[in-house]
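Okay, so here's the structure we're looking at.
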Amino acid sequence: MVERDASRRARAAGGRVPARVGRGVGGPRRPRTRQSRRQRRAAGAGCVQARAGRRHRAPSRALARRAPRHAGWAHDRGRASGAAAAAGEGAGGVRIATLANASAVHARRWVEHFRARGHTVGLWSLEPGPPDLPHSRLPRAPLPGWLRYPLALPALARALAGFAPDLVDAHFVPNYGLLGALSGRRPLAVTAWGSDLLTVGPRDALRRSRARFVIARADAVLVDAENLGAAARALGAATERLHVIPWGVDRARFRPGPSREPGLLVSARMHERLYDLPTLIAGVRPALERLPHARLVIAGDGSMRPGLERLARAKLPAGRFEFVGRLEPGALAELLGRAEIYLSASLSDSTSVSLLEAMASCAVPVVSDIEGNREWVGEGEGARLFPPGDSAALARALEHALDDSAWREAARGRNLRVIAERGDWSANLGRIEALFARLAAESEGGRPHGHAPSRSSRGGRG
Numbered sequence: 109m110v111e112r113d114a115s116r117r118a119r120a121a122g123g124r125v126p127a128r129v130g131r132g133v134g135g136p137r138r139p140r141t142r143q144s145r146r147q148r149r150a151a152g153a154g155c156v157q158a159r160a161g162r163r164h165r166a167p168s169r170a171l172a173r174r175a176p177r178h179a180g181w182a183h184d185r186g187r188a189s190g191a192a193a194a195a196g197e198g199a200g201g202v203r204i205a206t207l208a209n210a211s212a213v214h215a216r217r218w219v220e221h222f223r224a225r226g227h228t229v230g231l232w233s234l235e236p237g238p239p240d241l242p243h244s245r246l247p248r249a250p251l252p253g254w255l256r257y258p259l260a261l262p263a264l265a266r267a268l269a270g271f272a273p274d275l276v277d278a279h280f281v282p283n284y285g286l287l288g289a290l291s292g293r294r295p296l297a298v299t300a301w302g303s304d305l306l307t308v309g310p311r312d313a314l315r316r317s318r319a320r321f322v323i324a325r326a327d328a329v330l331v332d333a334e335n336l337g338a339a340a341r342a343l344g345a346a347t348e349r350l351h352v353i354p355w356g357v358d359r360a361r362f363r364p365g366p367s368r369e370p371g372l373l374v375s376a377r378m379h380e381r382l383y384d385l386p387t388l389i390a391g392v393r394p395a396l397e398r399l400p401h402a403r404l405v406i407a408g409d410g411s412m413r414p415g416l417e418r419l420a421r422a423k424l425p426a427g428r429f430e431f432v433g434r435l436e437p438g439a440l441a442e443l444l445g446r447a448e449i450y451l452s453a454s455l456s457d458s459t460s461v462s463l464l465e466a467m468a469s470c471a472v473p474v475v476s477d478i479e480g481n482r483e484w485v486g487e488g489e490g491a492r493l494f495p496p497g498d499s500a501a502l503a504r505a506l507e508h509a510l511d512d513s514a515w516r517e518a519a520r521g522r523n524l525r526v527i528a529e530r531g532d533w534s535a536n537l538g539r540i541e542a543l544f545a546r547l548a549a550e551s552e553g554g555r556p557h558g559h560a561p562s563r564s565s566r567g568g569r570g
C-alpha cells in the first residue's frame with residue numbers, strides 16, 4: 109500500500125517511479141543507519157515499510173487486492189486513524205495501539221486506565237463504541253464471524269503508519285489478536301479474555317489454528333487465570349512469554365454499601381448461552397417461593413434476553429424478579445453493595461470480573477463449580493458452589509447460604525481479604541503497565557523483530 113501511494117505521488121509530480129522503495133532493486137543494497145523508534149517516527153510515513161517488515165507487506169498486499177470487492181464497507185476506511193490517534197495524548201509514556209471491541213465495558217476500563225496514567229492510547233474497533241469513548245472504527249466487511257477482521261487489515265495498516273505505536277495491544281485472540289498478528293507490528297501483546305481460548309473444542313480446528321498463529325507471533329500473552337494460562341500453553345504459548353495477571357476490581361468503587369437488603373439476589377452476567385441463565389432462573393425459584401422477602405435482580409443484556417424474560421414470567425412468582433439491563437459501573441456497584449447474594453451459573457470462565465466485584469462488595473457468591481471460580485473461592489470458603497447446569501444443586505447451595513447468617517459474615521470477611529491481597533485493579537494493572545514499558549524499551553533498544561524477550565516478568569495470579 110505504501111509503495112503504491114508513493115508511486116502515484118511520483119507520477120502526479122511528473123517524476124520517475126523507483127523500481128522498489130527501500131530495497132534498491134536493480135542496484136547494490138544501500139547501507140542503512142540504525143535508528144531508534146522515535147527517530148523513525150519523526151521521519152514520517154516514508155519509513156513505514158521498513159518498520160513493518162516482510163511479514164507485514166505480504167498479507168497487506170493480498171488483502172488489499174480483495175478489499176475493493178466489498179464496496180459496502182469501504183466508505184469509512186479513511187476515518188481509521190483520526191480519533192484514535194488523537195485520543196489520550198500523554199506527555200510521555202508508551203504509545204499503545206489497542207485493538208478491541210469498543211462496545212465492551214472491560215475494553216473501556218482498560219483503555220481509560222492507561223490514558224489516565226499518561227500513556228497515549230489509540231483504540232481501533234470494528235464495533236461501534238459509546239460516543240464518549242474516543243476510538244476509531246475499522247471497516248466491517250459484510251461477512252460472518254472472524255472473516256471480517258483480516259479484511260480490516262489495509263485500513264489498520266494505514267492508521268498505524270500515522271500513529272506509530274510503541275506497542276500493539278490486541279484483545280480476544282481469534283479476532284483482534286489475529287488482526288494484530290497480521291499487522292506485522294512488534295512488539296505485540298495479546299490478551300485472552302477467557303471464552304476465546306477456553307471454549308476451543310477438539311473439533312474446532314480452524315479456530316485452534318488461528319489461536320496458534322496469533323500466540324506464536326505475540327511477544328507477550330496475557331491471561332487472567334491459571335486455567336486460561338494452561339489453555340494458552342496448550343496452544344503453544346511459551347512460558348517466558350506468558351503472564352498470568354488478573355485484571356482485578358476497582359476497590360474504591362466496588363465496596364460494601366451502607367446497608368444490605370435481606371434476600372436480595374443479584375445476577376450480573378451477559379444473557380448468552382455460556383452463562384446459563386435458564387439454570388439460574390430455575391434454581392432460584394424455591395428460594396423465592398419459600399422466602400416472601402426474597403427477590404431476584406438480573407442485570408446485563410444479550411441475545412437471549414427476550415427468551416429469558418419469558419422464562420422468568422413462566423417460572424418465577426410475579427413481582428419477585430426484575431430485568432434491569434446493562435448497568436453503568438456506578439449503578440452496578442450500588443446494586444452489589446446492598447445485595448445479600450451474588451449468583452452465577454456460568455459454564456466456563458477464567459477470572460470472572462463480576463465475581464471479584466461481588467466479593468469486593470460483600471455480596472456472598474453462590475456460583476458454579478468451575479475452575480476459574482475455584483481460583484478465588486471454594487465450597488464453604490467464601491462461597492457456595494454447585495455443579496454447572498444443575499438447578500436443583502443451585503437451589504440447595506442458595507438455601508444453605510441464605511439460612512446461615514454467621515457463615516455469610518465470615519465469607520464476606522474472607523473475600524475482602526482475598527481481593528485486597530490479589531484482586532486490586534490498580535496494583536494488577538500496574539504490573540501490566542510495567543510489562544508494556546519493558547516491551548517498548550526492548551524494542552526501542554533495537555531488538556530485532558521476531559526475537560523473544562530475554563526474560564519474563566511472569567508472576568502468579570496476582
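Residues in the sequence shown are numbered consecutively from 109, following my numbering. Backbone N, C-alpha and C fix where the C-beta goes; we use that ideal spot for every residue, glycine too. Remember, it's a predicted structure, so these values are computed and weren't measured experimentally.
Looking at the secondary structure, which residues open and close the beta strand (DSSP E) in which residue i lies?
{"i": "E430", "result": "429-433"}
{"i": "F280", "result": "That residue, F280, is in no beta strand (DSSP E); it is neither H nor E in DSSP."}
{"i": "R633", "result": "This structure cannot settle anything about residue 633, because the visible part of the chain is limited to 109 through 570."}
{"i": "A407", "result": "403-407"}
{"i": "L372", "result": "372-375"}
Have a look at the options and flag the residue whose alpha-carbon is nearest the alpha-carbon of residue i.
{"i": "A278", "options": "R293, A272, F271", "result": "R293"}
{"i": "G531", "options": "G497, D274, V357, L440", "result": "V357"}
{"i": "L547", "options": "D327, A319, A300", "result": "D327"}
{"i": "P425", "options": "E442, S499, A453, A395", "result": "A395"}
{"i": "R539", "options": "R225, L207, S211", "result": "R225"}
{"i": "V322", "options": "D304, V461, G365", "result": "D304"}
{"i": "N283", "options": "F271, P258, N335", "result": "P258"}
{"i": "D511", "options": "S211, G288, I389, L399", "result": "L399"}
{"i": "R341", "options": "V374, L306, A263", "result": "L306"}
{"i": "A503", "options": "R381, V392, E380, R361", "result": "V392"}
{"i": "W484", "options": "R522, A501, E507, A500", "result": "R522"}
{"i": "R525", "options": "R320, S469, V474, Y383", "result": "S469"}
{"i": "R325", "options": "T347, L290, W301, D332", "result": "L290"}
{"i": "L440", "options": "G497, F362, P414, L385", "result": "F362"}
{"i": "R434", "options": "A447, G445, V405, R446", "result": "V405"}
{"i": "P250", "options": "H243, E235, S244", "result": "E235"}
{"i": "H214", "options": "G302, L343, A471, R381", "result": "G302"}
{"i": "T206", "options": "L314, T299, R359", "result": "T299"}
{"i": "E529", "options": "R223, E442, L382, R359", "result": "R359"}
{"i": "V281", "options": "A339, L264, P239", "result": "A339"}
{"i": "M378", "options": "H243, R482, G486, G410", "result": "G410"}
{"i": "G527", "options": "E507, V461, S499, L416", "result": "According to the sequence provided, residue 527 is Ile. The question's Gly does not apply to it. Here the closest residue by C-alpha is V461."}
{"i": "L264", "options": "G253, W355, V276", "result": "V276"}
For residue i and residue j, I'd like the C-alpha separation in whole angstroms.
{"i": "G161", "j": "H227", "result": "Low confidence applies here, because G161 scores a pLDDT of 36, under 50, leaving its location unreliable; read the following figure in that light. Rounded to whole angstroms, G161 to H227 spans 25 Å at the Cα level."}
{"i": "A542", "j": "A549", "result": "10 Å"}
{"i": "L330", "j": "A297", "result": "7 Å"}
{"i": "L241", "j": "R216", "result": "7 Å"}
{"i": "R492", "j": "I449", "result": "10 Å"}
{"i": "V219", "j": "D274", "result": "15 Å"}
{"i": "A153", "j": "A420", "result": "Any reading at A153 must be qualified, since the residue scores a pLDDT of 37, below 50, and its modelled position is unreliable; no value is offered."}
{"i": "A272", "j": "V202", "result": "11 Å"}
{"i": "G488", "j": "L464", "result": "17 Å"}
{"i": "L537", "j": "K423", "result": "42 Å"}
{"i": "A545", "j": "W232", "result": "21 Å"}
{"i": "A509", "j": "L372", "result": "12 Å"}
{"i": "G288", "j": "R318", "result": "12 Å"}
{"i": "R248", "j": "L261", "result": "11 Å"}
{"i": "A376", "j": "A535", "result": "24 Å"}
{"i": "E397", "j": "A390", "result": "12 Å"}
{"i": "G408", "j": "T387", "result": "16 Å"}
{"i": "A501", "j": "A466", "result": "21 Å"}
{"i": "D384", "j": "A267", "result": "39 Å"}
{"i": "A505", "j": "D477", "result": "11 Å"}
{"i": "P414", "j": "G497", "result": "20 Å"}
{"i": "S551", "j": "L444", "result": "43 Å"}
{"i": "R245", "j": "D312", "result": "29 Å"}
{"i": "A346", "j": "F222", "result": "26 Å"}
{"i": "S452", "j": "A269", "result": "44 Å"}
{"i": "P167", "j": "G285", "result": "Any answer about P167 is weak, because its pLDDT of 37 lies below 50 and its placement is not dependable; what the coordinates show is given next. Distance between the alpha carbons of P167 and G285 is about 15 Å."}
The alpha helix (DSSP H) spanning residue i covers which residue range?
{"i": "R520", "result": "513-530"}
{"i": "A551", "result": "The sequence shown places Ser at residue 551, not Ala. It spans 533-552 - the alpha helix (DSSP H) in which S551 sits, taken as one unbroken run."}
{"i": "E397", "result": "385-398"}
Which runs of the alpha helix (DSSP H) spanning at least 4 residues fall entirely within the region 420-500, listed in chain order? Positions of the alpha helix (DSSP H) runs, each at least 4 residues long and wholly inside the region 420-500, are given as 437-446, 461-469, 479-482 in order along the chain.
Using 8 Å as the Cβ pair cut-off and three pairs as the minimum, do the region 452-464 and the region 510-519 touch? no
Does the region 345-362 come within contact of the region 426-434, defined as at least 3 CB pairs closer than 8 Å? no
So within the region 191-254, which uninterrupted alpha helix (DSSP H) runs reach at least 4 residues, ignoring any that extend past its ends? 213-224
Completely contained alpha helix (DSSP H) runs for the region 262-307, where each covers 4 or more residues: 286-291, 303-306
Counting only runs that start and end within the region 324-352, where is the beta strand (DSSP E) found for 3 or more residues in a row? 328-331, 350-352
For the region 357-370 against the region 407-420, are there 3 or more C-beta pairs whose distance is under 8 Å? Here the region 357-370 does not lie against the region 407-420, with fewer than 3 beta-carbon pairs under 8 Å apart.
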